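Letter 164 of the sequence shown, counting from 1, is numbered 163 in numbering that gives the first Met the number 0, and no numbers are missing.
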Amino acid sequence: MDLELLKARHSVRQYTTMKIPQEVRDQLDAFVREINEVSGLSIQIIYDDPECFNTRIAHYGRFENANNYIAIVGEKAADLDEKGGYYGEKVVLKAQKLGLNTCWAAMGKGRGKEKIGPGKEEVIVISIGYGRTQGSARRSKKPEKVSNLNPESPEWFRNGVEAALLAPTAINQQRFYLELDGKTVKAKIPKIGIWLKVDLGIVKCHFEIGAEGTDFIWA
Ligand SMILES: Cc1cc2nc3c(=O)[nH]c(=O)nc-3n(C[C@H](O)[C@H](O)[C@H](O)COP(=O)(O)O)c2cc1C
Numbered sequence: 000m001d002l003e004l005l006k007a008r009h010s011v012r013q014y015t016t017m018k019i020p021q022e023v024r025d026q027l028d029a030f031v032r033e034i035n036e037v038s039g040l041s042i043q044i045i046y047d048d049p050e051c052f053n054t055r056i057a058h059y060g061r062f063e064n065a066n067n068y069i070a071i072v073g074e075k076a077a078d079l080d081e082k083g084g085y086y087g088e089k090v091v092l093k094a095q096k097l098g099l100n101t102c103w104a105a106m107g108k109g110r111g112k113e114k115i116g117p118g119k120e121e122v123i124v125i126s127i128g129y130g131r132t133q134g135s136a137r138r139s140k141k142p143e144k145v146s147n148l149n150p151e152s153p154e155w156f157r158n159g160v161e162a163a164l165l166a167p168t169a170i171n172q173q174r175f176y177l178e179l180d181g182k183t184v185k186a187k188i189p190k191i192g193i194w195l196k197v198d199l200g201i202v203k204c205h206f207e208i209g210a211e212g213t214d215f216i217w218a
């Protein structure tokens, strides 16, 4: 069921002008409150603010009618980017479930209406709205390229890796490596590169959905 949701999600950058109805906002906001509680993050959804995204988006001209966005904000910490990716993707998938579309967007920070506050930082924003289309599937690396998956690997590991390959990553880079050793999974990223830690959090979120029901542990 949730795997279907992962398969249905694609980045959507062009939206219709349809406003997000109040009852949908209420559900999203309630979900974000829950996520903030468990994670300690200060994720916020800003609705009906075309100005902000328009100026930010100056460099990324492909967005249209991006009038709402999710701001991923949290206390400055070494693991903030990964955490932002992990919990941000949970909000993305909730939005998908509610019939909305999204796109992670790496751009200028703190120029919108979101509140950042002392000691905190904005990791990234994610546009959210009703897409003109549902987006489309893109190229993907092979499971063997991003993991030590082999014919002897357990089914849950294969499912986890496949779910990870459905994760959005910056410029579709998919620069992660999942290594199974017994019940332990190590998720690795290269030392140098852009947005890799955010990608890593997103990938872990997807892997967990794919491997659901197993008692694996993250290394
Ligand atoms: C951390 C991160 C940053 C991204 N930044 C941008 C961006 O600035 N502009 C953009 O158009 N897409 C951006 N994307 C979307 C990716 O290009 C997209 O997720 C990737 O190509 C895979 O496509 P999919 O999301 O449809 O699976 C970003 C994605 C991630 C995870």
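Ideal Cβ placement from N, Cα and C applies to all residues, glycine included.
Just so it is clear, the structure is predicted and the values come from calculations on it, not from any experiment.
Asked                                                                                                                 : Found
In chain order, each alpha helix (DSSP H) run of at least 4 residues that lies wholly inside the stretch 44-76        : 49-55
R137 Cβ short of 6 Å to ligand 1 heavy atom set                                                                       : yes
beta-carbon T101 near ligand 1 non-hydrogen atom, thresh 6 Å                                                          : no
Sub-7 Å separation of K203 and Y85 beta-carbons                                                                       : yes
Residues of its chain near S139, where Cβ-Cβ distance is below 6 Å and the 5 sequence neighbours each way are ignored : L164
Euclidean distance between Cα positions of N272 and S41                                                               : Outside the shown range of the chain (0 to 218) lies residue 272, about which nothing can therefore be said.
Ligand 1 heavy atom lying under 6 Å from the CB of V124                                                               : no
Three-pair Cβ contact test at 8 Å for the stretch 145-162 versus the stretch 73-88                                    : no
Near ligand 1: V90 beta-carbon under 6 Å from a heavy atom                                                            : no
Cα-Cα separation, A169 to Q21                                                                                         : 31 Å
Bridge-paired residues (DSSP) for N100                                                                                : G128
Span of the beta strand (DSSP E), counted from its first residue to its last, around A186                             : 183-187
Cα-Cα separation, L4 to V124                                                                                          : 21 Å
Integer Cβ distance of P129 from N100, believed to fall under 8 Å                                                     : According to the sequence as given, residue 129 is Tyr; it is not Pro. Rounded, the Cβ-Cβ distance is 7 Å, consistent with contact.
C-alpha distance - R8 paired with L92, whole-angstrom precision                                                       : 8 Å
Close beta carbons around R157, own chain, < 8 Å, minus the five adjacent residues each side                          : P142, L148
Exposure label - G39; buried when at least 16 CB within 10 Å                                                          : exposed
With 16 other Cβ atoms within 10 Å as the buried cut-off, status of L209                                              : For clarity, residue 209 is Gly in the given sequence; the question names Leu instead. Looking at its Cβ environment, which holds 16 or more other Cβ atoms inside 10 Å, G209 is buried.
Contact test: N35 Cβ vs ligand 1 heavy atom, cutoff 6 Å                                                               : no
Run of the beta strand (DSSP E) containing E178, from where it starts to where it stops                               : 176-180
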